[in-house]
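For reference, the structure is listed below as structure tokens.
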Amino acid sequence: MIEVQGVTFFYPGTREPALENISLTIRPGEFLAITGPNGSGKSTLARLLNGLLRPGKGRVLVDGLDTADAASLVEIRRRVGMVFQDPDNQLVAATVEDDVAFGPENLGLPPAAVRQRVAAALEAVELADLKTRPPHRLSGGQKQRLALAGVLAMEPVYLVLDEATAMLDPVGREEVLKKVLALRREKGLAVILITHFMEEAALAERMLVLNEGRIILSGPPADVLQQEEGLAKAGLKAPAIVALGKSLRQAGVKLPASIVTVEEMARALWKLASGK
Amino acid sequence: MMVELGQYIPGTSCIHYLDPRAKLLGLFFYGLALLLAPTGITASLTGAAILPVIVLAGLAPSFIWRQLKPLLVFLVIIFFLQVALTPGEIIAAIGPLRITREGLDYGIMALARVFFLIVAASVLMATTDPLALADGLERLLRPGQRFGLPSVELALMLTLALRFVPTLLEEAERIMRAQVARGATFRGSQVKNLMPLIIPLFISAFRRAEGLAEAMEARAYRGGKGRTRMRELHFKPADYIFLLLAVLLVAGTAYYRLGFGS
Numbered sequence: 001m002i003e004v005q006g007v008t009f010f011y012p013g014t015r016e017p018a019l020e021n022i023s024l025t026i027r028p029g030e031f032l033a034i035t036g037p038n039g040s041g042k043s044t045l046a047r048l049l050n051g052l053l054r055p056g057k058g059r060v061l062v063d064g065l066d067t068a069d070a071a072s073l074v075e076i077r078r079r080v081g082m083v084f085q086d087p088d089n090q091l092v093a094a095t096v097e098d099d100v101a102f103g104p105e106n107l108g109l110p111p112a113a114v115r116q117r118v119a120a121a122l123e124a125v126e127l128a129d130l131k132t133r134p135p136h137r138l139s140g141g142q143k144q145r146l147a148l149a150g151v152l153a154m155e156p157v158y159l160v161l162d163e164a165t166a167m168l169d170p171v172g173r174e175e176v177l178k179k180v181l182a183l184r185r186e187k188g189l190a191v192i193l194i195t196h197f198m199e200e201a202a203l204a205e206r207m208l209v210l211n212e213g214r215i216i217l218s219g220p221p222a223d224v225l226q227q228e229e230g231l232a233k234a235g236l237k238a239p240a241i242v243a244l245g246k247s248l249r250q251a252g253v254k255l256p257a258s259i260v261t262v263e264e265m266a267r268a269l270w271k272l273a274s275g276k
Numbered sequence: 001m002m003v004e005l006g007q008y009i010p011g012t013s014c015i016h017y018l019d020p021r022a023k024l025l026g027l028f029f030y031g032l033a034l035l036l037a038p039t040g041i042t043a044s045l046t047g048a049a050i051l052p053v054i055v056l057a058g059l060a061p062s063f064i065w066r067q068l069k070p071l072l073v074f075l076v077i078i079f080f081l082q083v084a085l086t087p088g089e090i091i092a093a094i095g096p097l098r099i100t101r102e103g104l105d106y107g108i109m110a111l112a113r114v115f116f117l118i119v120a121a122s123v124l125m126a127t128t129d130p131l132a133l134a135d136g137l138e139r140l141l142r143p144g145q146r147f148g149l150p151s152v153e154l155a156l157m158l159t160l161a162l163r164f165v166p167t168l169l170e171e172a173e174r175i176m177r178a179q180v181a182r183g184a185t186f187r188g189s190q191v192k193n194l195m196p197l198i199i200p201l202f203i204s205a206f207r208r209a210e211g212l213a214e215a216m217e218a219r220a221y222r223g224g225k226g227r228t229r230m231r232e233l234h235f236k237p238a239d240y241i242f243l244l245l246a247v248l249l250v251a252g253t254a255y256y257r258l259g260f261g262s
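Chains as they are written, first to last, in my numbering: chain A, 1 to 276; chain B, 1 to 262.
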């Protein structure tokens with residue numbers, strides 16, 4: 001469990017807090033989406049979860065380990081894996097397999113164990129064929145899957161994706177997101193998805209909307225995405241499918257209000273059409 | 001854009017398969033032997049020890065020639081300076097230039113030293129994967145850790161450089177296109193003309209460095225302490241034989257240097 005307890009955070013030299021009095025609990029295996037406009041504090045919150053940043057006020061506990069305690073940081077970072085936005089800035093080695101090995105090597109694992117984890121992680125993201133390739137000869141989607149493998153090799157409990165699909169084309173985006181969701185199913189990883197794509201956030205079990213460093217909305221996407229006013233205040237807009245559902249309901253089509261993804265809409269319409 | 005670094009030529013020869021540490025030490029001993037050889041002839045003979053290595057590595061003479069070509073002028077200057085400036089028994093004179101027996105000998109010696117050292121270094125680079133080379137260097141420098149030598153960090157720096165050179169080259173190309181689209185020209189060799197390329201490239205490199213540091217920290221990097229390596233290096237019998245030959249070469253030249261050979 002990750003517990004964020006009353007956290008306020010200031011960047012050095014700024015007077016406005018980047019985050020103000022945030023409290024939040026993330027359960028193992030959960031799928032949480034964190035959204036908000038640029039500058040709302042999403043990335044700051046992500047960096048507090050694995051101790052890249054320490055809270056000015058309040059505490060962040062990862063399975064009971066305090067991120068303010070320097071001695072726990074290695075274990076915290078093993079548990080909370082993080083994939084960043086820019087694929088080029090997070091790959092450190094000159095070949096795919098060496099890059100995946102970087103994390104386990106930092107954990108001080110013996111070479112044989114490192115090799116075994118590298119092989120398993122590359123298998124999991126389907127990059128085993130490319131293991132000797134230099135990272136600059138991979139596509140954007142492949143680079144992000146490699147970054148994912150680098151994190152998986154540390155056998156994390158929580159996976160934080162900080163806008164990890166924002167720089168990819170739609171195909172790459174789907175490629176990475178699908179892989180992440182499959183890994184969650186297979187390994188029971190908790191996924192914390194930081195995104196400004198509402199369509200991605202709609203897939204989560206729970207979503208938070210941040211604005212100016214505060215949580216302004218929180219709950220299942222089916223509830224949050226209906227709150228047009230609240231979303232608009234944060235400069236966000238629900239996916240088109242939510243607007244479509246609303247229009248259809250106003251036109252007298254009997255659809256539940258909880259529809260937030262294309263798939264759910266298709267199912268609901270199919271159910272209506274087949275008269276069940 | 002395809003960017004390949006260094007002059008590494010992948011291959012399957014026995015020289016390719018030698019442990020990178022053995023090759024690095026081999027180069028060190030070879031250089032030492034060249035320095036110890038007391039005369040032009042002994043230095044040339046010592047240097048010739050690289051020839052069977054070239055043959056075994058399957059390197060073409062044209063490859064060696066390409067490595068030497070840019071340094072040719074430098075080699076010629078070294079030779080003539082030694083020939084012209086060493087006093088001794090005059091064997092020929094062209095105008096004010098006096099060629100001495102000693103000068104000729106020193107000239108050949110200096111030439112052989114530099115020439116063969118360059119050849120040997122290119123053979124090392126051509127037959128060793130740069131990554132393996134960085135690994136080998138790390139292991140060799142590891143004993144220096146006790147005296148504060150950051151061997152793990154040095155090797156990491158090397159691999160990071162290998163990793164980022166292609167990325168930065170791509171970036172340079174992108175910036176150049178962006179500037180050309182805005183009407184810039186990159187003609188002329190004046191540094192001034194390159195500023196619109198160099199400054200954005202530096203800024204972006206610093207930004208990348210920041211992101212990279214964060215990503216490394218997120219993956220539990222905390223300096224060299226407690227860090228292990230996936231790649232293991234093992235000395236094989238061939239490595240011991242190779243090193244033994246290199247040491248014998250040093251012993252042989254040392255023998256001549258101390259005057260037992262004459």
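Ideal Cβ placement from N, Cα and C applies to all residues, glycine included.
For Leu52(A), no alpha helix (DSSP H) segment is defined, and its DSSP state is neither H nor E. For Met109(B), the secondary structure class from DSSP, reduced to helix, strand or coil, is helix. Contact check for Asp162(A) against Val83(A) passes: the beta carbons are separated by less than 8 Å.
Under the 8 Å criterion on CB atoms, Pro10(B) is classed as non-interfacial with respect to chain A. Considered as a whole, the region 80-151 of chain B harbours 101-127, 130-141 as its complete alpha helix (DSSP H) runs of no fewer than 4 residues, in chain order.
Within the same chain, Cβ atoms closer than 7 Å to the Cβ of Ser139(A) are found at Gly172, the five residues on either side in sequence being excluded.
Ranking Gln145(B), Ala181(B), Thr127(B) by CA distance to the CA of Leu27(B) puts Thr127(B) first.
Between the alpha carbons of Leu148(A) and Arg219(B) lies a gap of roughly 11 Å.
The residue from Val80(A), Arg184(A), Asp99(A) with its alpha-carbon nearest to that of Pro87(A) is Asp99(A). Residue ranges of uninterrupted beta strand (DSSP E) with 3 or more members are absent from the region 2-36 of chain B; none lies entirely inside it. In the DSSP assignment, Tyr11(A) falls outside any beta strand (DSSP E) and carries neither an H nor an E. By the criterion of a C-beta distance shorter than 6 Å, Glu175(A) is surrounded in its chain by Gly141, once the five residues flanking it on both sides are discounted.
Contact of Arg78(A) with chain B is assigned, a C-beta pair being separated by under 8 Å. Residues of the region 108-135 of chain B with a C-beta less than 7 Å from any C-beta of chain A: Leu131, listed in chain order.
Against chain A, the beta carbon of Arg139(B) has no neighbour under 7 Å; the closest one sits roughly 13 Å away.
Close CB contacts of Asp63(A) within its chain, under the 8 Å cut and outside five residues either way in sequence, are with Met1, Ile2, Arg79, Val157 (chain order). Counting other Cβ atoms within 10 Å of its Cβ, His234(B) stays below 16 and is therefore classed as exposed.
Here Pro12(A) is exposed: its Cβ has fewer than 16 other Cβ atoms, across all protein chains shown, within 10 Å. Secondary structure note for Gly140(A): its alpha helix (DSSP H) is the uninterrupted segment 140-152. A Cβ-Cβ distance of about 11 Å is found for the pair Ala184(B) and Pro200(B), leaving them out of contact under the 8 Å criterion. With fewer than 16 other CB atoms across the displayed protein chains lying within 10 angstroms of its CB, Asn193(B) is exposed. Note on geometry: alpha-carbon atoms of Val191(B) and Gly88(B) lie some 47 Å from one another. The closest CA to that of Gln7(B), considering only Gly226(B), Leu162(B), Ser151(B), is found on Leu162(B). Counted as a single uninterrupted DSSP element, the beta strand (DSSP E) harbouring Val209(A) occupies residues 206-211. Listed along chain B, no residue sits closer than 8 Å to Pro12(A) by beta-carbon distance, the nearest being about 15 Å off. Bounds of any alpha helix (DSSP H) do not take in Val191(A); it lies within the beta strand (DSSP E) bounded by 190-194. Contact annotation, Glu214(B) with Leu52(A): C-beta distance approximately 6 Å; criterion of less than 8 Å satisfied.
Taking C-beta atoms as the reference points, Ala33(A) and Met207(A) count as a pair closer than 8 Å. The region 166-237 of chain B contains, as complete alpha helix (DSSP H) runs of 4+ residues, the segments 191-218 (chain order). Within chain A, the C-beta atoms nearer than 9 Å to that of Leu162(B) come from Ala93, Ala94, Pro134, in chain order. Fully enclosed alpha helix (DSSP H) runs of no fewer than 4 residues occupy 42-49, 73-79 of the region 29-83 of chain A, in order along the chain. Distance from the CA of Ala121(A) to the CA of Leu146(A), rounded to the nearest whole angstrom, comes to 9 Å. Exclusion of the five residues before and after Leu177(A) leaves Thr165, Glu200 as the residues of its chain whose Cβ lies within less than 7 Å of its Cβ. The beta carbon of Leu249(B) sits closer than 8 Å to the beta carbons of Phe29, Tyr30, Ala33, Thr46, Ala49 from its chain, once the five residues preceding and following it are set aside; these are given in chain order. Thr253(B) is classed as buried because its beta carbon has at least 16 other beta carbons within 10 Å across all chains shown.
Interface flag for Leu107(A) against chain B is set, since a Cβ pair is found closer than 8 Å.
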